[in-house]
Amino acid sequence: MRTFMHGGAVWDVACPQRPSQVAGVTMAGFRIRDLDALRMVPHPAVTLLLEFGAGSPVLDRAAGRQQRGSIAAGPGFGSGGDVRARGENVECVQVRLSPVIARAVLGASPADLDGAVVSLEDLWGREASRIREQLGDVSPWQDRFALTDALLARRHEAGPLVDPEVAWAWHRIIGSRGLARVDGLAAEVGWSRKRLWSRFRSQLGLPPKRAVKLVRFDHAVHRLVAGDGAARVAADAGYADQSHLHRDVMAFTGATPATVAGEPFLAVDDIAWPSRGTPSSLMSPGISGSVGRRR
């Protein structure tokens, strides 16, 4: 494990030594003695939090709502900046799923999450309890990753696939870092705009325009964390100007670009998610390139 220190945050972080059996799956392990009001920053993936051990993370949400235990959260969860995570002696495996494979792994469409969060027990029933017990019964983090990966691979194998056209459109957005022209996506796959927008939303959990904004924001905000100036980030990431970047960051996080640049949730990514900067980390096999003009 590596120790992540940022401001008052001190976390132990573990990474798998091997990639997942399923393309589009990345994971990291965390051991945190004192998790204090961590702002959850939206990310263009479905997030699974598999907790185990003596502690238990708590998500504080809007209007005083709370969520405890293992959870699944849709793409863009935390938008608006009104979700905080806290807890003592937290141990968990965090999984990021490309929305393209999330429907198969979850057993439900990410659209059912609607950018929100649900208990993993509500989705998986006893299987959620079993994986919690299994993760707690083994000590090496690599064994925990192997257990998690085997579960995800088994569920993915048995689950439904998304339409190739929908997967291609998602990969186009990811590969362009949110600079793809959404009005051209339907024409490129040979579908009507209405058909693509409907299938994309129902299978991936968010409409194409929202996906573009979220992917662009994710790229930009990590540039801010790396120390790049807001004006340069705005120009490189495709924003109209610096005020446009400011509005997007505020909408997604409830904070200014300068504040978000210091968030531990983002700063830990270079350790926990070393493949984060590569588009393939949110893709799955067999859909790259053109799908032709299918109808």
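Numbers given in our numbering equal positions in the sequence shown, counted from 1, plus 363.
Virtual Cβ for every residue (Gly too), placed ideally from N, Cα, C.
Next item on the list: Would you kindly work out how many angstroms separate the C-alpha atoms of Gly625 and Gly553, rounded to a whole number?
Entry: Gly625 and Gly553 have their alpha carbons spaced roughly 43 Å apart.
Check: Taking C-alpha atoms, which residue in Ala417, Arg428, Val453, Ala465 lies nearest to Gln566?
Finding: Ala465
Note to self: Just verifying my parser: in three-state terms, what is the DSSP assignment at Val525?
What the structure shows: Of the three classes helix, strand and coil, the one that applies to Val525 here is coil, per DSSP.
Note to self: In whole angstroms, give me the CA-to-CA distance for Gly547 and Ala532.
What the structure shows: 10 Å
Notebook entry, point to check: Between the segment 375–391 and the segment 442–452, do at least 3 Cβ pairs fall closer than 8 Å?
Noted result: Contact fails: fewer than three Cβ-Cβ distances are below 8 Å.
Margin query: Please return the same chain residues whose Cβ sits closer than 7 Å to the Cβ of Pro627, not counting the five positions on each side in sequence.
Written below: In its chain, beyond the 5 residues on either side, His369, Gly370, Ala372, Leu401 have a beta carbon closer than 7 Å to the beta carbon of Pro627.
Next item on the list: Report the rounded CA-to-CA distance for Phe580 versus Arg562, giving the unit in angstroms.
Entry: 23 Å
Notebook entry, point to check: What are the uninterrupted segments assigned as alpha helix (DSSP H) that are 4 or more residues long and contained completely in the segment 564–595, given in chain order?
Noted result: 571–588
Item checked: Top-ranked residue by Cα proximity to Ser472, from His609, Glu490, Met364, Ala435 -> If we check each option's Cα against that of Ser472, Ala435 comes out closest.
Checklist line | Alpha-carbon spacing of Met390 relative to Ala509, whole angstroms | finding: 11 Å
Note to self: Suppose the cutoff is 6 Å on Cβ atoms and the five residues either side in sequence are ignored; what does the same chain contact list for Gly617 look like?
What the structure shows: For Gly617, where only same-chain residues beyond five positions count, the Cβ hits under 6 Å are Gly443, Gly444.
Check: Got a sec: is the Cβ-Cβ distance from Leu587 to anything in chain C below 8 Å?
Finding: Of the protein chains in the structure, only one exists, and it is not chain C.
Next item on the list: Name the one or two DSSP bridge partners that Cys455 has.
Entry: Phe393, Glu414
Next item on the list: Round the Cβ separation of Pro405 and Gly450 to the nearest angstrom and send it over; I've been treating them as touching at under 8 Å.
Entry: Actually they are not in contact, since the Cβ atoms of Pro405 and Gly450 sit about 21 Å apart, beyond 8 Å.
Next item on the list: Could you check the C-alpha separation between Val480 and Ser606 for me, to the nearest Å?
Entry: 30 Å
Notebook entry, point to check: Hey, how far is the Cα of Met364 from the Cα of Arg564?
Noted result: Met364 and Arg564: Cα-Cα distance of roughly 38 Å.
Check: Whose CA, out of Gly499, Arg556, Gly470, Ala474, lies closest to the CA of Asp485?
Finding: Gly470
Checklist line | Euclidean distance between Cα positions of Gly418 and Gly437 | finding: Approximately 24 Å between the Cα atoms of the pair.
Check: Applying the criterion that 16 or more other CB atoms from any shown protein chain within 10 Å of the CB defines a buried residue, is Lys557 buried or exposed?
Finding: exposed
Checklist line | Best match in Arg394, Pro637, Val588, Val388 for proximity to Thr366 [C-alpha to C-alpha] | finding: Arg394
Notebook entry, point to check: Is the distance from the Cβ of Ala516 to the Cβ of Arg459 below 8 Å?
Noted result: no
Check: In the DSSP assignment, what are the bridge partners of Ala372?
Finding: His369
Next item on the list: Might you give, ordered along the chain, the residues of its own chain that have their beta carbon closer than 8 Å to the beta carbon of Val501, omitting 5 neighbours on each side?
Entry: Arg507, Leu510
Checklist line | Helix, strand or coil at Arg556 according to DSSP, with G and I counted as helix | finding: In the structure shown, Arg556 falls within a helical segment according to DSSP collapsed to helix, strand and coil.
Notebook entry, point to check: Once you ignore the five residues that flank Gly392 on each side, which residues in its own chain have a CB closer than 6 Å to its CB?
Noted result: Scanning its chain for C-beta atoms nearer than 6 Å, with the 5 sequence neighbours on each side dropped, one finds around Gly392 the residues Ala377, Val456, Trp504, in chain order.
Next item on the list: My understanding is that Val468 touches Gly522, with C-beta atoms under 8 Å, so please give their C-beta distance in whole angstroms.
Entry: 6 Å
Notebook entry, point to check: My guess is that Glu414 and Gly427 are in contact by the Cβ rule of under 8 Å, so how many angstroms apart are they, rounded?
Noted result: Actually they do not touch by this definition, with Cβ atoms about 22 Å apart.
Check: Going by DSSP, which residues form a beta bridge with Asp423?
Finding: Bridge pairing for Asp423: Gln429, Arg447 [DSSP].
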